[in-house]
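Undergrad: Residue numbers (this note's numbering), protein chains in the order written: chain V, 9 to 109; chain H, 123 to 284.
Note that the Cβ used here is the ideal one computed from N, Cα and C, for glycine as well.
Structure incoming, see below.
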């Protein structure tokens, strides 16, 4: 299964682009990568969900973990590009307002 | 009426994509949502609200069975019976694993902020909210029954498709 995310670092900024399906099978790899991102204590993190087709609660949990840990370190995080099924899930969970989607 | 679609897969997450693919295609049969033939057939084309609801709910219940009933071990099967018609889609999901304490599922917080964002316990909430009906009968066999109706029927209460 291809890795459904790309991570790029540029100074104190990190960009994570997630594509395909972020679910119970793929979320553990993202969660592991997120731990490494958070250890760098980036000031800005951008998450691009424009390539994300499907998400389940495991995928949402991975993004919540990222959001909380970046904020706990004093960084800012921006989540953009959510559409279709993933956006519907964030709205159902009322996370769209927290994430400013 | 066409006979139900039946699929039996080993009860592990490895077989989840197969089941999700079948369910998403069945949802499209009911919603008649357009599918671009030029799309990569490996990509789930889940854009229609009906398809979104069905697929989202099913993914969560499949996860639940693989994790809670079978404890992530390949010790049983998941039997899926999908009954599509012009009014609704009904999916029955049967397993022989440990019963799930659905009454023990906590509600999500009423007010969400960045501190109260949940990191778990969202699956049943997603499934229940997305569907028109969801029932669970503990066993064994444990039986989940998911039902999603077309929006026009929910609004009008009629039995014909508008």
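1) State the beta-bridge partners of residue 86(V) as determined by DSSP.
2) Going by beta carbon distance, what residues of the same chain come within less than 6 Å of residue 163(V), once the five residues before and after it are set aside?
3) Whose CA, out of 215(H), 244(H), 238(H) and 224(H), lies closest to the CA of residue 106(V)?
4) Considering Cα atoms alone, identify which of 194(H), 193(H), 197(H) and 204(H) is closest to residue 176(H).
5) Are residue 32(V) and residue 74(V) closer than 8 Å when you measure CB to CB?
6) Spell out a yes or no on whether the stretch 224-241 of chain H and the stretch 45-59 of chain V are touching, meaning 3 or more CB-CB pairs, one atom from each, closer than 8 Å.
7) Whose Cβ in chain V lies nearer than 8 Å to the Cβ of residue 229(H)?
8) Name the two residues that bound the continuous alpha helix (DSSP H) containing residue 130(H).
9) Is it the case that the stretch 206-214 of chain H contacts the stretch 129-144 of chain H, given that we only count it when at least three CB pairs across the two stretches are under 8 Å?
10) Please confirm whether residue 128(H) has its beta-carbon closer than 8 Å to some beta-carbon of chain V.
11) Indicate the three-state DSSP secondary structure (helix, strand or coil) for residue 93(V) in the structure shown.
12) So, under 8 Å CB-CB, residue 18(V) and residue 49(V) are touching, yes? Tell me the CB distance rounded to an integer number of Å.
13) Quick one, which of 150(H), 222(H) and 169(H) has its alpha-carbon nearest residue 188(H)'s?
14) Do you know how far the Cα of residue 154(H) is from the Cα of residue 267(H)?
15) Do residue 29(V) and residue 185(H) have their beta-carbon atoms positioned less than 8 Å apart in this structure?
16) The alpha helix (DSSP H) spanning residue 44(V) covers which residue range?
TA: Looking at the coordinates:
1) 54(V)
2) For residue 163(V) there is no data in the structure shown, the boundaries of chain V being 9 and 109.
3) 238(H)
4) 204(H)
5) no
6) no
7) In chain order: nothing, as chain V lies at least about 12 Å away.
8) Segment 127-132 is the beta strand (DSSP E) holding residue 130(H); no alpha helix (DSSP H) there.
9) no
10) no
11) helix
12) 15 Å between Cβ atoms; not a contact.
13) 222(H)
14) 22 Å
15) no
16) 35-47
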